[in-house]
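Student: Counting in the working numbering, the sequence shown runs from 83 upward without gaps. Note that beta-carbon positions come from the ideal geometry of N, C-alpha and C, so glycine has one too.
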Amino acid sequence: MYTQALFLSVLVAIAEARFGQEQIPIPAIASAPGGTSGEAQTLAGQSISTLLGAANPCAKLTQADLILSELGSGALEAAIGLVAAEQNFNNFVVDIPSICNDPTLPTSLPLRGITPLIDPGVVGSDIANALSNSSKITPLNAVGLSVAEVLVANGFSNFTAEDAAGNKVAASTLEVVSAVSIEVAPVSATPVAVNCGAAATTFVTVTKAAQSTAAAAVAQPSAAAASSAARPASSNAVTGVFTGFVASTIAGLDFGLCVPTMKFEPGLDGRSDTEFTFQAQDPLINKGQEEALNPAIIAKKICDQLTNVCNANAAAKAACTTAEGALGGKVASTASNWNTQLGFADALLNPDNAPQAGLVGHD
Ligand SMILES: *[C@@H]1O[C@H](CO)[C@@H](O)[C@H](O)[C@H]1NC(C)=O
Ligand SMILES: *[C@@H]1O[C@H](CO)[C@@H](O)[C@H](O)[C@H]1NC(C)=O
């Protein structure tokens, strides 16, 4: 125990000499509760190497996941500190940092959407450092996105994007489309016809970096990372199964696999074309639930599914509960208010193009 503590304090001193002291998340990891005796200190010691210039930038994300899984939620702040920490880079070799470009990392939901501090000497670091500060409190939308892509989507791209296998590409070449709207389907489309082509993150083909020493530092390259070098441009990194999958426009709300929108349409389930009912739009949410005249039934189904199947984060579930409490009556605005409250203001209420003649007098 004693030698371990001493060893750690030496490592921290070395690390602090490289960075500003306030950025060093190591002491917080070492003193985090949970785990077996000495485990936090061991994890802290391992974490230092992930912040050095030679490390693959994905290594500290894997390490933060490990800290959380080994020590438990008491170590959340410490793990967030590691995700948000600046990684050193060798100024004699490059003048911009490398950021992890593996959309699966970090895997723990509470660690997603948090971006790192950047050396203040890098052009554009003011944007990145403000994002890092705020994302620790309110995580950025990271559904299906790597930390590199989250940064690009939020205005900072002066860095090298590097996947867990060490493949590097200029961040400016990442095409990150942050989709905010669900578009109308063509009239001829089949029933569940929400159509959205904008949600995809397009991946460019990357080439293996010639002198990467970083790959060796990666503990567990994921299957996704391993295949990302050859990912076809049309592939959708988002894990949602809904054709019109888009993320919430509200920062911090991560609905996981689902889009929690509601529609308000006539003629559903054999009803007449003047009889409007509510229904969840995402087939994954909707499973086993038909449409309903009472919006509260649909709202409850949506909120339940966020936990049961969607893997939504706590903020998204809380927003759902709040929206449930503020639900309106059996009118179209109930569905549009619901969608807006959850960050899908542009969602169509009638994605199936059901006849709207009966809407008059309904709202
Ligand atoms: C990126 O930052 C480096 C280091 O500060 C700077 O030399 C370079 O001009 C910047 N590139 C862009 C595109 O801003
Ligand atoms: C980020 O937070 C640190 C510590 O609170 C502060 O010193 C720094 O000025 C902040 N940076 C930005 C760009 O907001």
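1. Use the C-beta contact count for F174: other C-beta atoms within 10 angstroms, 16 or more gives buried, fewer gives exposed.
2. Taking C-alpha atoms, which residue in S155, A137 and I162 lies nearest to I108?
3. Reducing DSSP to helix, strand and coil, say where T359 ends up.
4. Per DSSP, I181 forms a beta bridge with which residues?
5. Should V205 be counted as a contact of ligand 1 given a C-beta to heavy atom distance under 7 Å?
6. Confirm the yes/no value for this check: CB of I178, any heavy atom of ligand 1, distance under 7 Å.
7. Please report the straight-line C-alpha distance between F426 and Q361, rounded to a whole angstrom.
8. Is L375 buried or exposed, if buried means 16 or more other CB atoms sit within 10 Å of its CB?
9. Roughly how many whole angstroms lie between the Cα atoms of A396 and L388?
10. Look at C392 and G334 and say whether their C-beta atoms are less than 8 Å apart.
11. Enumerate in chain order the residues of its own chain whose CB-to-CB distance from Q371 is below 6 Å, with the five nearest sequence positions on each side excluded.
12. Quick check on S214: buried or exposed, where buried means 16 or more other Cβ atoms within 10 Å of its Cβ?
13. According to the neighbour-count rule (16 or more other Cβ atoms, all chains shown, within 10 Å of its Cβ), is S310 buried or exposed?
14. Determine which residues share a DSSP beta bridge with S171 and list them.
15. Among A224, V225, A210 and E257, which one has its Cα closest to the Cα of G237?
16. How many whole angstroms separate the CB atoms of T256 and L193, which I take to be in contact at a CB cut-off of 8 Å?
17. If you draw a straight line from the C-alpha of V341 to the C-alpha of L153, how long is it?
18. DSSP has V251 in a bridge; who is on the other side?
Tutor: Answer, in terms of the structure:
1. The residue you call residue 174 lines up with position 92 of the sequence shown. It is exposed - the Cβ of F174 has fewer than 16 other Cβ atoms within 10 Å.
2. As a working note, residue 108 is residue 26 in the sequence shown. Of the candidates S155, A137 and I162, I162 places its Cα closest to the Cα of I108.
3. In the sequence shown, the residue the question calls residue 359 occupies position 277. Three-state DSSP puts T359 in a strand.
4. Sequence index remark: in the sequence shown, residue 181 carries index 99 (1-based). For I181, which the question treats as bridged, DSSP gives the partners A243.
5. As a first step, residue 205 must be located in the sequence shown, where it is residue number 123. At least one heavy atom of ligand 1 is nearer than 7 Å to the Cβ of V205, so yes.
6. What you label residue 178 is simply residue 96 of the sequence shown in a count that begins at 1. At least one heavy atom of ligand 1 is nearer than 7 Å to the Cβ of I178, so yes.
7. The sequence position of residue 426 within the sequence shown is 344, counting from 1. The sequence position of residue 361 within the sequence shown is 279, counting from 1. When rounded, the distance between both Cα atoms is 15 Å.
8. Here the question's residue 375 lines up with position 293 in the sequence shown. L375 is exposed by the Cβ-count criterion.
9. By one-based count along the sequence shown, residue 396 stands at place 314. By one-based count along the sequence shown, residue 388 stands at place 306. The alpha-carbon atoms of A396 and L388 are separated by roughly 10 Å.
10. In the sequence shown, residue 392 corresponds to position 310, counting from 1. In the sequence shown, residue 334 corresponds to position 252, counting from 1. Their beta carbons are not under 8 Å apart, which means C392 does not touch G334 by this criterion.
11. Position 289 of the sequence shown holds residue 371. Here the set comprises K383.
12. Taking the sequence shown and counting its residues from 1, one reaches residue 214 at position 132. By the neighbour-count rule (16 or more Cβ atoms within 10 Å), S214 is buried.
13. What you label residue 310 is simply residue 228 of the sequence shown in a count that begins at 1. Bear in mind that the predicted position of S310 carries a pLDDT of just 30, short of 50, making it unreliable; the figure below should be weighed with that in mind. Classification for S310: buried.
14. On the sequence shown, residue 171 is found 89 positions in, with the first residue counted as 1. With the sequence shown as reference, residue 171 is identified as Phe, and Ser is not the correct amino acid for it. In DSSP, F171 forms no bridge with anything.
15. By one-based count along the sequence shown, residue 237 stands at place 155. Among A224, V225, A210 and E257, the Cα nearest to that of G237 belongs to A210.
16. Along the sequence shown, one-based indexing puts residue 256 at 174. Along the sequence shown, one-based indexing puts residue 193 at 111. Thr is not the amino acid found at residue 256; the sequence shown has Leu there. Between L193 and L256 the Cβ distance is about 21 Å, and since that is not below 8 Å, they are no contact.
17. The residue given as residue 341 occupies position 259 in the sequence shown. The residue given as residue 153 occupies position 71 in the sequence shown. In a straight line, the C-alpha of V341 is about 32 Å away from that of L153.
18. Within the sequence shown, the letter at position 169 stands for residue 251. Answer is A243.
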